[in-house]
Amino acid sequence: MQNYAEEIRHFMESHVSGILAALIAGVVVLAFRRWMAGRACRSKARLDGKTVLITGANTGIGKETALDLACRGARVILACRDMTKAHSAAEEIRQCSGNGNVVVKKLDLASLQSVRDLAKDIQENEERLDILINNAGIMRCPKWQTEDGFEMQFGVNHLGHFLLTNCLLDLLKKSSPSRVVIVSSLAHERGRIHFEDINLDKDYNHSESYRQSKLANVLFCRELATRLQGTGVTVYSLHPGVIRTELVRHLFPSFALWKRIIVMPVMMMIKTPKEGAQTTIYCAVEESLANDSGLYYSNCAVKEPAAQARDDAAAKKLWDLSASMVGLA
Ligand SMILES: NC(=O)c1ccc[n+]([C@@H]2O[C@H](COP(=O)([O-])OP(=O)(O)OC[C@H]3O[C@@H](n4cnc5c(N)ncnc54)[C@H](OP(=O)(O)O)[C@@H]3O)[C@@H](O)[C@H]2O)c1
Ligand SMILES: *[C@@H]1O[C@H](CO)[C@@H](O)[C@H](O)[C@H]1NC(C)=O
Ligand SMILES: *[C@@H]1O[C@H](CO)[C@@H](O)[C@H](O)[C@H]1NC(C)=O
Numbered sequence: 211m212q213n214y215a216e217e218i219r220h221f222m223e224s225h226v227s228g229i230l231a232a233l234i235a236g237v238v239v240l241a242f243r244r245w246m247a248g249r250a251c252r253s254k255a256r257l258d259g260k261t262v263l264i265t266g267a268n269t270g271i272g273k274e275t276a277l278d279l280a281c282r283g284a285r286v287i288l289a290c291r292d293m294t295k296a297h298s299a300a301e302e303i304r305q306c307s308g309n310g311n312v313v314v315k316k317l318d319l320a321s322l323q324s325v326r327d328l329a330k331d332i333q334e335n336e337e338r339l340d341i342l343i344n345n346a347g348i349m350r351c352p353k354w355q356t357e358d359g360f361e362m363q364f365g366v367n368h369l370g371h372f373l374l375t376n377c378l379l380d381l382l383k384k385s386s387p388s389r390v391v392i393v394s395s396l397a398h399e400r401g402r403i404h405f406e407d408i409n410l411d412k413d414y415n416h417s418e419s420y421r422q423s424k425l426a427n428v429l430f431c432r433e434l435a436t437r438l439q440g441t442g443v444t445v446y447s448l449h450p451g452v453i454r455t456e457l458v459r460h461l462f463p464s465f466a467l468w469k470r471i472i473v474m475p476v477m478m479m480i481k482t483p484k485e486g487a488q489t490t491i492y493c494a495v496e497e498s499l500a501n502d503s504g505l506y507y508s509n510c511a512v513k514e515p516a517a518q519a520r521d522d523a524a525a526k527k528l529w530d531l532s533a534s535m536v537g538l539a
């Protein structure tokens with residue numbers, strides 16, 4: 211026994227600098243991890259008697275958002291394209307939250323017909339809608355088209371949500387004070403709206419298309435807030451952080467092995483879906499934001515978006531273009 215202790219002491223003495231370095235590295239990694247995790251939504255607001263609809267809630271941050279809001283007592287509608295995944299997510303959320311009022315509805319944002327069908331179902335069958343969360347998204351997919359012939363990322367991330375929101379406005383107004391929360395991204399900062407070639411037909415670039423769609427999210431938030439002034443419906447857009455989700459599904463498989471090996475430890479450091487859901491939850495429930503509208507949030511705080519996302523003329527022009535693309539009067 212004594213021999214053993216002595217051996218340890220000897221080891222420590224001869225490896226002092228190594229042990230110190232390992233300790234410091236550990237502290238740095240933990241501090242970095244803590245910083246990456248970001249702030250949590252601290253609001254304790256309850257949502258009993260309220261109804262929330264979340265798009266793309268079968269996985270990623272949408273699912274974590276749905277779970278949190280279910281825990282607050284809301285009736286939660288998961289609007290998803292894959293019914294099998296959606297039903298298993300709903301079951302998990304019911305189990306974890308103890309809230310049985312979690313339902314699934316079919317929504318494929320890459321189909322205007324599907325968007326209209328869901329909106330009609332909600333308007334006819336739901337008594338109220340207090341919070342609409344436009345969360346679903348697709349990133350850096352190949353040059354794909356939606357059912358209606360729109361470029362996929364612009365079609366799903368922006369146009370589908372644009373139509374859905376507009377179709378649900380009457381119910382949102384009727385339920386006011388109510389909120390629309392739009393999940394955008396930091397990627398909007400390097401985006402521009404290609405008004406001359408909105409579907410990027412001439413020169414498709416999957417990154418450029420994603421940035422354009424996320425910039426469209428922030429501009430839509432701004433214009434919608436202006437149009438909804440005085441109605442009691444407030445609008446929020448946000449960057450959720452960098453999160454370990456399935457969003458990289460179209461990107462990761464093309465990575466070379468060395469890139470994957472480098473990316474792996476980074477993936478371990480970035481936000482978990484639960485951490486990534488915090489700013490969405492904050493915009494959905496935080497009481498102090500009740501009278502704010504049209505702003506952009508990051509890390510559970512308001513943030514100024516990029517200059518091109520504050521361009522009111524572009525926001526108006528995008529609204530008109532979107533309305534004509536989806537066939538809204
Ligand atoms: N992860 C990040 O680091 C990050 C950073 C900035 C912004 N965001 C934004 O956060 C949001 C959520 O992304 P996530 O990271 O949670 O990604 P995710 O795990 O890939 O989840 C995306 C969700 O969107 C759904 N979806 C995709 N296409 C759809 C369609 N045509 N119709 C209906 N639903 C569709 C997916 O359904 P399926 O499972 O059926 O495909 C899934 O439920 C997105 O708007 C994204 O742009 C994420
Ligand atoms: C897409 O555009 C980015 C710059 O925005 C560029 O770095 C990248 O190489 C382009 N990708 C393709 C496939 O052209
Ligand atoms: C929002 O405005 C209403 C009406 O002016 C006011 O009663 C309420 O206190 C305000 N709420 C917040 C959080 O500022």
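All residue numbers for the sequence shown refer to the numbering used here, where the first residue is 211 and numbers rise by one. Quick reminder that beta carbons are idealized off the backbone N, C-alpha and C, glycines included.
Is residue i near ligand 1 - that is, is its Cβ less than 7 Å away from at least one heavy atom of it?
i, result
"Val452", "yes"
"Cys510", "no"
"Glu399", "no"
"His449", "yes"
"Lys469", "no"
"Asp318", "yes"
"Asp331", "no"
"Asp292", "yes"
"Leu328", "no"
"Glu301", "no"
"Ile348", "yes"
"Ser253", "no"
Is there at least one non-hydrogen atom of ligand 2 closer than 7 Å to the beta-carbon of residue i?
i, result
"Ser386", "no"
"Asn409", "no"
So, residue i versus residue j, is the Cβ gap smaller than 8 Å?
i, j, result
"Gly408", "Phe372", "Residue identity check: residue 408 is Ile in the sequence provided, not Gly. Not in contact: Ile408 and Phe372 (Cβ atoms no closer than 8 Å)."
"Val286", "Asn345", "no"
"Asp340", "Lys260", "yes"
"Ser503", "Leu429", "no"
"Glu460", "Arg350", "The question names Glu, but residue 460 is His in the sequence shown. Cβ distance < 8 Å, so His460 and Arg350 count as in contact."
"Leu382", "Val391", "no"
"Leu288", "Val325", "no"
"Gly347", "Asn367", "yes"
"Ile453", "Ile471", "no"
Less than 8 Å between the CB atoms is what I'm expecting for residue i and residue j, so what's the real figure, rounded?
i, j, result
"Arg421", "His404", "That pair is no contact at about 10 Å."
"Val495", "Ser307", "Val495 to Ser307, Cβ: 15 Å. No contact."
"Leu319", "Gly370", "3 Å"
"Arg256", "Gly283", "5 Å"
(Q) Which residues end up in the neighbourhood of ligand 3 when you take C-beta atoms closer than 7 Å to any of its heavy atoms? (A) Cβ atoms closer than 7 Å to ligand 3 belong to Glu497, Ser498, Ala500 and Asn501.
Length-filtered (3 minimum) beta strand (DSSP E) runs lying within the stretch 259-317:
Fully enclosed beta strand (DSSP E) runs of 3 or longer: 261-265, 285-290 and 312-316.
Whose CB is closer than 6 Å to a heavy atom of ligand 2? List the residues in chain order. That gives Asn415, Ser417 and Glu418.
Output the residue ranges of the beta strand (DSSP E) runs that lie fully inside the stretch 338-399 and measure 3 residues or longer, sorted by chain position.
-> Qualifying beta strand (DSSP E) stretches, in chain order: 341-344 and 388-393.
What residue ranges within the stretch 398-468 form continuous beta strand (DSSP E) runs of no fewer than 3 residues, ordered along the chain?
DSSP runs (the beta strand (DSSP E)) wholly in the stretch 398-468: 443-449.
Complete runs of the alpha helix (DSSP H) confined to the stretch 486-522 [at least 4 residues]
Entirely contained in the stretch 486-522, the alpha helix (DSSP H) runs reaching 4 residues are, in chain order, 488-495.
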